[in-house]
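Okay, so here's the structure we're looking at.
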Amino acid sequence: MMTQQPQRHCYYLGELYPLLIAVDPLITKSTILWDGKAFICKTPEANKTDFIDELKSFYIKESRKLIGERLKRYQPQIKVKYKSFTIENNDSKWGSCSSKRQLTFHWKLMIFPLTVIDYVVVHELCHLMHMNHDRSFWRLVGKVFPNYKEAMAILGVEKVRGI
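This is the structure:
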């Protein structure tokens with residue numbers, strides 16, 4: 001197996017890391033591994049340059065774990081219960097909450113710092129008490145996550161629009 005110099009860099013939890021390519025002709029499918037310092041793409045093809053699908057699969061898998069952990073952390077503070085959560089690819093929203101208490105999060109949240117992910121988790125959990133963006137909703141968000149405006153700015157969303 002031969003590892004090449006990084007051709008690309010990828011964001012993960014707000015930091016930029018190299019993407020190393022490891023060619024292994026004995027495997028049939030490309031996969032991405034994370035070693036804490038870099039992404040390593042194991043691939044059977046030496047000339048493959050597009051790793052979007054593999055990176056997306058990695059982010060989806062990791063977001064399921066991380067967002068599940070963050071929900072467990074914040075749920076007791078807000079004193080709400082959700083039915084389920086899913087990771088999706090909705091390009092118009094970072095997260096959502098349905099009237100059936102189902103939460104949805106965008107897998108691309110994994111490129112942002114943990115504080116931003118926490119904000120989106122808190123935002124959606126708060127919708128379980130307030131299904132709109134009224135004053136009561138924002139007061140609850142601010143009580144649990146006082147720096148929410150900073151996180152919103154990083155996401156590029158405005159308070160009026162919500163997320």
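Residue numbers (full-length UniProt numbering): 1 to 163. C-beta atoms are modelled at their ideal positions from N, C-alpha and C, and glycine is treated no differently.
Item                                                                                                                                 : Value
Any 3 or more C-beta pairs closer than 8 Å across the segment 133-142 and the segment 86-102                                         : no
Nearest to S63 (by Cα), restricted to the options F112, H9, L125                                                                     : F112
Y148, DSSP secondary structure in three states                                                                                       : helix
Short CB-CB distance (under 9 Å) between Y148 and chain C                                                                            : Here chain C cannot be found, since the structure has a single protein chain.
Cutoff 6 Å; reference M131; Cβ partners in own chain excluding five residues on either side                                          : none
Whether K61 touches I21 by CB criterion (9 Å)                                                                                        : no
Distance, V80 Cα to T28 Cα                                                                                                           : 45 Å
Endpoints, alpha helix (DSSP H) assigned at G95                                                                                      : From DSSP, G95 is part of no alpha helix (DSSP H) but of the beta strand (DSSP E) over 95-97.
Runs of beta strand (DSSP E) wholly within the UniProt domain "YgjP-like metallopeptidase" (8-155) (minimum 3 residues, chain order) : 8-12, 15-23, 31-34, 39-43, 84-88, 95-97, 102-106
Assigned exposure category for M152 - 16 Cβ within 10 Å defines buried                                                               : buried
8 Å contact criterion, which S30 and C41 should meet: CB distance rounded                                                            : 6 Å
Closest by C-alpha distance to P44, when choosing among N147, V157, L26                                                              : L26
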